[in-house]
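Q:
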Amino acid sequence: MYSEMTIKVFEGNLDHKNPSCEKCGSHTYALYQGGKKERLDDTFVCKSCNIIYKLPNPKKCNLSEMNE
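In this note's numbering, the protein residues as written are 246 to 313.
1. Provide the residue(s) that pair with T288 in DSSP beta bridges, ordered along the chain.
2. Could you please give the first and the last residue of the uninterrupted beta strand (DSSP E) stretch that includes K253?
3. According to DSSP, is E283 part of a helix, a strand, or is it coil?
4. Note down, in chain order, each residue of its chain lying with its Cβ closer than 8 Å to the Cβ of S265, except the 5 sequence neighbours on either side.
5. Which first and last residues belong to the beta strand (DSSP E) in which L276 is found?
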């Protein structure tokens, strides 16, 4: 049985290397592809909610938001 995945652009501020899920607040994990375990840049998954997050370009963080 397969569950459906949702893809979203992460709109929050980054507090850490990986964003927190906007829906449940849990830690997200980096996605890897292929047998070589190549990390997909700026793509993270929340395993609880089945949401894949893509980071926007440019990324937002608390430090950059305070400087504006």
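We put the beta carbon where it would ideally sit given N, CA and C, even for glycine.
Being a predicted model, the structure only gives us computed values, none of them experimental.
A: In terms of the structure at hand:
1. T288 pairs with K299.
2. 251-254
3. strand
4. Closer than 8 Å at Cβ, skipping near neighbours: G257, S271, H272, T273.
5. 274-278
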